[in-house]
Amino acid sequence: MSQIIDLTLDGLSCGHCVKRVKESLEQRPDVEQADVSITEAHVTGTASAEQLIETIKQAGYDASVSHPKAKPLAESSIPSEALTAVSEALPAATADDDDSQQLLLSGMSCASCVTRVQNALQSVPGVTQARVNLAERTALVMGSASPQDLVQAVEKAGYG
Numbered sequence: 001m002s003q004i005i006d007l008t009l010d011g012l013s014c015g016h017c018v019k020r021v022k023e024s025l026e027q028r029p030d031v032e033q034a035d036v037s038i039t040e041a042h043v044t045g046t047a048s049a050e051q052l053i054e055t056i057k058q059a060g061y062d063a064s065v066s067h068p069k070a071k072p073l074a075e076s077s078i079p080s081e082a083l084t085a086v087s088e089a090l091p092a093a094t095a096d097d098d099d100s101q102q103l104l105l106s107g108m109s110c111a112s113c114v115t116r117v118q119n120a121l122q123s124v125p126g127v128t129q130a131r132v133n134l135a136e137r138t139a140l141v142m143g144s145a146s147p148q149d150l151v152q153a154v155e156k157a158g159y160g
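If you're matching positions, the sequence shown starts at 1 in the UniProt record's numbering and goes up one per residue.
Here it is, written out as structure tokens:
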């Protein structure tokens, strides 16, 4: 029997994020329909709340079951300084760095996407530095990580 589950979402910052969550949910055979906004999702189907939350987490976002009296305090959890501080926070590359690799990326549409990709790349063992450029849709990665590991990290974060 179908039911409607209301979820509170966190980490979405643009229409692309909303689309990614909606598509992830609707790919499940036990989901009939998903209405998704930046802050919430209303999902119709037979899936449990836990299954839906796990699907959303696999897409790179956070979710929890909505409580009728709970309302989000703010629509964006990204401080405005985070949108401009990324390039200043990176150390300058030195001649002693290992190899560098450039990746062409797809699926990024905002600063939040850039942060997710950059964090995914920097979590790969052997990466000493990663710089992601939204306008050029590229990433410059310094270190000794294999290209396969880098691509896998980007894909796991939900990008191409």
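Cβ coordinates follow ideal geometry from the N, Cα and C atoms, glycine included.
Interface flag, residue i vs chain B, CB-CB below 8 Å
i	result
Glu54	No chain B appears in this structure, which consists of one protein chain only.
Per-residue burial, residue i [other beta carbons within 10 Å of its own, 16 or more giving buried]
i	result
Met108	buried
Gly15	exposed
Leu150	buried
Leu105	buried
Leu73	Residue placement at Leu73 is flagged as unreliable, the pLDDT there being 41, under the threshold of 50; a coordinate-derived value is accordingly withheld.
Ile4	exposed
Gly160	exposed
Leu121	buried
Cα-Cα separation between residue i and residue j, rounded to whole angstroms
i	j	result
Thr44	Gly60	21 Å
Ala49	Gly11	18 Å
Lys22	Asn119	23 Å
Ser13	Pro125	28 Å
Ser9	Cys110	Contrary to the premise, residue 9 reads as Leu rather than Ser in this sequence. When rounded, the distance between both Cα atoms is 17 Å.
Identified DSSP bridge partners for residue i
i	result
Thr8	Glu40, Ser64
Ala130	Val141
residue 161	As shown, the chain starts at 1 and ends at 160. That puts residue 161 outside it, with no answer to give.
Val18	Bridge partners of Val18: none, in fact.
Asp35	His42
Expected contact under 8 Å - CB spacing of residue i and residue j to nearest Å
i	j	result
Glu40	Ser66	6 Å
Arg131	Ala157	With 8 Å as the limit, Arg131 and Ala157 do not qualify as a contact, their Cβ atoms being about 16 Å apart.
residue 165	Thr55	There is no way to answer for residue 165, as the model of the chain reaches only from 1 to 160.
Ala135	Leu103	Not quite, the Cβ-Cβ distance comes to about 15 Å (not below 8 Å), so this is no contact.
Val141	Val127	6 Å
Ser24	Gln51	The pair is not a contact, with the Cβ atoms about 12 Å apart (cut-off 8 Å).
Proximity of residue i and residue j at Cβ, strictly below 8 Å
i	j	result
Ser2	Glu26	no
Ser112	Cys17	yes
Thr46	Asp35	no
Leu7	Ile53	yes
Ser123	Ala153	yes
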